[in-house]
DNA sequence: AATATTTACGCAAACGATGTCGGGAATTAT
DNA sequence: ATAATTCCCGACATCGTTTGCGTAAATATT
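In structure tokens:
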């Protein structure tokens, strides 16, 4: 089964003109007489002619499409970011091709090669939590493929980056827990390799240090798959709960980790916030509807996507090599809800 | 800024061969001597040569990509379905291009034209809630563009369709409410135009009729934007709550309607399930974490995506026009939780 | 030795659209 | 009446790849 669109050749044949004349008529060239133009345009409209973008891509060496590589689209942060990207892309006449790594290094590499070979004009990248070898993206970038990193950036490549102030976000979230009376605060983070993990953990540590809170190296845990797998969150939680330094609050550093902690607590009947307070990074739309309503660090995903898309398009359309790079740092928002409310002091019996 | 990949021409030039020889060597043609083959293959590997898919598309008149048009990717049902689609597509060597209509007719039309002109080899379509004029998709289809509908189907085109047994799902969900002691059950549905709406409403009506429940035409309400806009849900709920035939339970027929009803009830302090029981279509991952835990009708989104992708690929690869169409009907799953638990009989004071 | 066959490669066309060049016809200038 | 200038339009090359056809040289057959 095949779909054959009408071409400029077909028009030329039926109208008894040459392809060049038709092409010029459609592009409203001054070299074509008004009558011929009218004839061509009318017929093209009638036949619903649309230029074949594949032929154009081949000729122009550009596809007017940008590739987006994220870990998973079924993740509210990324789907919101993609919405932002699309809103800009559409307006500027670009197509968006989406690829997922599912936090898998090999899938990421093949997705990157796929996008490059698919001739996207630029790539918006948020690396997988498994990636420590950046040679593929570096290779592409050094050969001239425009790349903009967002959220999870690649430090080894010098380009535009769009991130959230992860340090401050984690610092403030931790502070919020401290202010609400929690003493033994654990931090469950995404894979240690990720920049966002490092920044968030540092924010957490700084807040703890500033407030002179006792700090145990063991209260910082990492989930190599960013909580995508329930079991890794379960393991970490089991370990924390059973440790002698059992925490009374947790800050979770990714969407999936946050919800999986809630799932865990519900399953193991760990009461939130009474037995364990929780604040987590999340871009879910209805965290206030959860039980208990969830305190979150919310990233401006849509705006991040928009900004990243704008930057990649500037890069693509720049005549000369871009040398001056921008790192856009947006603030995250902390929304305080029941899951981290003021600690109730246990009344002496 | 431009990314220039190595071509067969470059290889031919450096190796002192013709492009045809290089092409044939890479495709392991018998016409090329083993030594030449080895030289070419080695050099191509070294230079990380990849055939330009755009040139191939132009020649082969196919792009090895399929277009997916849904209302919104930031909707768990669709993002799960897309995951299913991608899993099949990747395995069969197809690329997936995603487009969103945002429940807007004009955006849908331009997205369809975009996909067609982008030379996708086939389209997976779930129509927007606004669409009543199907001429664009009909036109494309009649010109030979393979189309498979999923979830929200277009009745006027005869092709493969993948749906859920909406009638039974709604019938069972309504029955579940009746069994749990609810008497005045309202049904809040997506746009009346959609097939899924009609089927679901019919299932609801049939269940009510079978159990001889009093039925009021006014207890069926529609949200033209599928609940994407909070206000439309708010309006409908206000109307229901204020009517003299105030319902004691609601069945919600889309993801967004369901969560927006919860949001409404939380805001207006309408206790679920005591004042109003709720069961809704939803593919959220953590409905059990909501407050109260939410009873849902869950569609097998991933499997629907998989099946739809398989069907479109069969259609694309079929040598002769496909005439025998399949309508795959999958069962939905009802998950009973607190939001629709057995009605408490008010104790007389 | 003369002819037939095989081997190994190059040439050129094609996919759809655009842009450069060039040229014939009509009009205007000399 | 001739030269110059417009005006309109067609031929051709190009983008990267594949493929049918042609062919020189090498080998095989008689």
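Chains as they are written, first to last, in my numbering: chain A, 45 to 393; chain B, 45 to 393. The beta-carbon is built from N, C-alpha and C at its ideal position, and this holds for glycine as well.
Notebook entry, point to check: Roughly how far, in whole angstroms, is the beta-carbon of residue 325 of chain B from the beta-carbon of residue 299 of chain B, given that I think they are within contact range, below 8 angstroms?
Noted result: Walking along the second chain from the start, residue 325 of chain B turns up at place 281. Walking along the second chain from the start, residue 299 of chain B turns up at place 255. Residue 325 of chain B to residue 299 of chain B, Cβ: 6 angstroms. Contact.
Margin query: For residue 169 of chain A and residue 193 of chain A, which I take to be in contact (beta-carbon distance under 8 angstroms), what is that distance rounded to the nearest angstrom?
Written below: For the purposes of this step, residue 169 of chain A is identified with residue 125 of the first chain, where counting begins at 1. For the purposes of this step, residue 193 of chain A is identified with residue 149 of the first chain, where counting begins at 1. Right, the Cβ-Cβ distance comes to about 5 angstroms (below 8 angstroms), so this counts as a contact.
Margin query: Going by DSSP in three states, residue 103 of chain A sits in which element: helix, strand or coil?
Written below: Walking along the first chain from the start, residue 103 of chain A turns up at place 59. Correct three-state label for residue 103 of chain A: helix.
Next item on the list: Would you mind working out which of A:88, A:62, A:58 and A:111 sits nearest residue 356 of chain A, comparing C-alpha positions?
Entry: Position 312 of the first chain, counted from the start, is the residue given in the question as residue 356 of chain A. Among A:88, A:62, A:58 and A:111, the Cα nearest to that of residue 356 of chain A is on A:111.
Next item on the list: Name the two residues that bound the continuous alpha helix (DSSP H) containing residue 351 of chain B.
Entry: Position 307 of the second chain, counted from the first residue, corresponds to residue 351 of chain B. From DSSP, the alpha helix (DSSP H) with residue 351 of chain B extends over 345-361.
Notebook entry, point to check: Cβ atoms of residue 47 of chain A and residue 190 of chain B: under 9 angstroms apart, would you say?
Noted result: Position 146 of the second chain, counting from 1, holds the residue named residue 190 of chain B. Position 3 of the first chain, counting from 1, holds the residue named residue 47 of chain A. Their beta carbons are under 9 angstroms apart, which means residue 190 of chain B touches residue 47 of chain A by this criterion.
Note to self: Considering only DSSP beta bridges, list what residue 265 of chain B is partnered with.
What the structure shows: Here residue 265 of chain B refers to the residue found at position 221 when the second chain is read from its first residue. Answer is B:232, bridged to residue 265 of chain B.
Checklist line | In DSSP terms, what residue 12 of chain B is bridged to | finding: With chain B covering only 45 through 393, there is no way to say anything about residue 12 of chain B.
Next item on the list: In angstroms with no decimal places, state the Cα-to-Cα distance between residue 370 of chain B and residue 153 of chain A.
Entry: Walking along the second chain from the start, residue 370 of chain B turns up at place 326. Walking along the first chain from the start, residue 153 of chain A turns up at place 109. Their backbone Cα atoms lie some 37 angstroms apart in a straight line.
Notebook entry, point to check: Of the choices B:280, B:275 and B:274, whose alpha-carbon is the least far from that of residue 263 of chain B?
Noted result: As a working mapping, residue 263 of chain B is identified with position 219 in the second chain. When only C-alpha atoms are compared, the closest one is B:280.
Next item on the list: Could you tell me whether any Cβ in chain A is nearer than 9 angstroms to the Cβ of residue 56 of chain B?
Entry: As a first step, residue 56 of chain B is located in the second chain; it is residue number 12 there, counting from the start. Residue 56 of chain B has a beta carbon lying at 9 angstroms or more from every beta carbon in chain A.
Check: In chain order, what residues of the same chain lie with their CB nearer than 6 angstroms to the CB of residue 382 of chain A, ignoring the 5 residues before and after it?
Finding: Locating residue 382 of chain A in the first chain gives position 338, counting from the first residue. For residue 382 of chain A, where only same-chain residues beyond five positions count, the Cβ hits under 6 angstroms are 336 and 337.
Notebook entry, point to check: CA-CA distance, residue 62 of chain A and residue 133 of chain B?
Noted result: Here residue 62 of chain A is taken as the residue at index 18 of the first chain, counted from 1. Here residue 133 of chain B is taken as the residue at index 89 of the second chain, counted from 1. Each residue's Cα considered, the two are about 40 angstroms apart.
Notebook entry, point to check: In whole angstroms, what is the alpha-carbon distance linking residue 321 of chain B and residue 339 of chain A?
Noted result: Translated into positions along the second chain, residue 321 of chain B becomes position 277. Translated into positions along the first chain, residue 339 of chain A becomes position 295. One C-alpha to the other measures close to 26 angstroms.
Margin query: In whole angstroms, give me the CA-to-CA distance for residue 180 of chain B and residue 157 of chain B.
Written below: Mapped onto the second chain, residue 180 of chain B falls at position 136. Mapped onto the second chain, residue 157 of chain B falls at position 113. Taking the straight line from one Cα to the other gives about 8 angstroms.
Notebook entry, point to check: Along the chain, which unbroken stretches of the beta strand (DSSP E) at least 3 residues long are found entirely within the region 291-322 of chain B?
Noted result: 293-296
Check: Leaving out five residues before and five after residue 418 of chain B in sequence, what residues of the same chain have Cβ atoms less than 6 angstroms from its Cβ?
Finding: The question about residue 418 of chain B has no answer here: the residues shown for chain B are numbered 45 through 393.
Margin query: I want to know whether the region 197-214 of chain B touches the region 232-243 of chain B - three or more CB-CB distances under 8 angstroms.
Written below: yes
Notebook entry, point to check: Is DSSP giving residue 374 of chain B helix, strand or coil here?
Noted result: If you number the second chain from 1, residue 374 of chain B lands on position 330. It is a strand residue.
Check: Is there a Cβ from chain A that is less than 9 angstroms from the Cβ of residue 140 of chain B?
Finding: As a working mapping, residue 140 of chain B is identified with position 96 in the second chain. Yes, residue 140 of chain B counts as interfacial toward chain A.
Item checked: Where residue 260 of chain B falls, given that 16 or more other Cβ within 10 Å makes a residue buried -> Along the second chain, read from residue 1 onward, the residue named residue 260 of chain B stands at position 216. Exposed, since its Cβ has fewer than 16 Cβ neighbours within 10 Å.
Note to self: Quick check on residue 278 of chain A - is its C-beta less than 9 angstroms from some C-beta in chain B?
What the structure shows: Translated into the one-based positions of the first chain, residue 278 of chain A becomes position 234. For residue 278 of chain A, the answer is no, since every Cβ of chain B falls outside 9 angstroms of its Cβ.
Note to self: Check whether chain B comes within 9 angstroms of residue 296 of chain A, counting only Cβ atoms and requiring the distance to be less than that.
What the structure shows: Numbered from its first residue, the first chain carries residue 296 of chain A at position 252. No, residue 296 of chain A does not count as interfacial toward chain B.
Notebook entry, point to check: In chain A, which residues lie with their C-beta within 8 angstroms of the C-beta of residue 99 of chain B?
Noted result: The residue labelled residue 99 of chain B in the question sits at position 55 within the second chain. Within 8 angstroms Cβ-Cβ: 102.
Next item on the list: State the beta-bridge partners of residue 114 of chain A as determined by DSSP.
Entry: Here residue 114 of chain A refers to the residue found at position 70 of the first chain. DSSP, once it has assigned bridges, lists A:144 as partnering residue 114 of chain A.
Check: Distance, Cα to Cα, residue 365 of chain A vs residue 358 of chain A?
Finding: For the purposes of this step, residue 365 of chain A is identified with residue 321 of the first chain, where counting begins at 1. For the purposes of this step, residue 358 of chain A is identified with residue 314 of the first chain, where counting begins at 1. Those two C-alpha atoms are separated by around 11 angstroms.
Check: Anyone know if the C-beta pair for residue 327 of chain B and residue 124 of chain B falls short of 9 angstroms?
Finding: Position 283 of the second chain, counted from the start, is the residue given in the question as residue 327 of chain B. Position 80 of the second chain, counted from the start, is the residue given in the question as residue 124 of chain B. Yes, these two residues count as a Cβ contact at 9 angstroms.
Note to self: Could you compute how far the alpha carbon of residue 271 of chain B sits from the alpha carbon of residue 293 of chain B?
What the structure shows: Translated into positions along the second chain, residue 271 of chain B becomes position 227. Translated into positions along the second chain, residue 293 of chain B becomes position 249. Cα to Cα, residue 271 of chain B sits roughly 18 angstroms from residue 293 of chain B.
Next item on the list: Look at residue 316 of chain B and residue 277 of chain B and say whether their C-beta atoms are less than 9 angstroms apart.
Entry: On the second chain, residue 316 of chain B is found 272 positions in, with the first residue counted as 1. On the second chain, residue 277 of chain B is found 233 positions in, with the first residue counted as 1. The answer is no: Cβ separation not under 9 angstroms.
Margin query: Rounding to the nearest angstrom, what Cα-Cα distance links residue 175 of chain A and residue 150 of chain A in this structure?
Written below: As a position in the first chain, residue 175 of chain A is number 131, starting the count at 1. As a position in the first chain, residue 150 of chain A is number 106, starting the count at 1. Between residue 175 of chain A and residue 150 of chain A, the C-alpha separation is close to 9 angstroms.
Notebook entry, point to check: If you check the beta carbons only, do residue 341 of chain B and residue 214 of chain B fall under 9 angstroms apart?
Noted result: Sequence index remark: in the second chain, residue 341 of chain B carries index 297 (1-based). Sequence index remark: in the second chain, residue 214 of chain B carries index 170 (1-based). Result yes, Cβ atoms of residue 341 of chain B and residue 214 of chain B sit closer than 9 angstroms.
Next item on the list: Can you tell me which of B:89, B:227 and B:184 puts its alpha carbon nearest to the alpha carbon of residue 289 of chain B?
Entry: On the second chain, residue 289 of chain B is found 245 positions in, with the first residue counted as 1. It is B:227 whose Cα lies nearest to the Cα of residue 289 of chain B.
Notebook entry, point to check: Is residue 342 of chain A helix, strand or coil when you go by DSSP?
Noted result: Position 298 of the first chain, counted from the first residue, corresponds to residue 342 of chain A. Reduced to three states, the DSSP call for residue 342 of chain A is strand.
Notebook entry, point to check: Nearest chain A C-beta to residue 95 of chain B closer than 9 angstroms, yes or no?
Noted result: As a position in the second chain, residue 95 of chain B is number 51, starting the count at 1. Interface residue, yes.
Note to self: As an exercise, report each continuous alpha helix (DSSP H) stretch of at least 4 residues that is fully enclosed by the region 185-246 of chain B, in chain order.
What the structure shows: If we require 4 residues or more, the alpha helix (DSSP H) runs fully inside the region 185-246 of chain B come out as 210-223.
Next item on the list: Take residue 49 of chain B as the anchor and find which of A:209, A:184, A:304 and A:221 has the nearest alpha-carbon.
Entry: Your numbering for residue 49 of chain B matches position 5 in the second chain. Measuring from the Cα of residue 49 of chain B, the nearest candidate turns out to be A:184.
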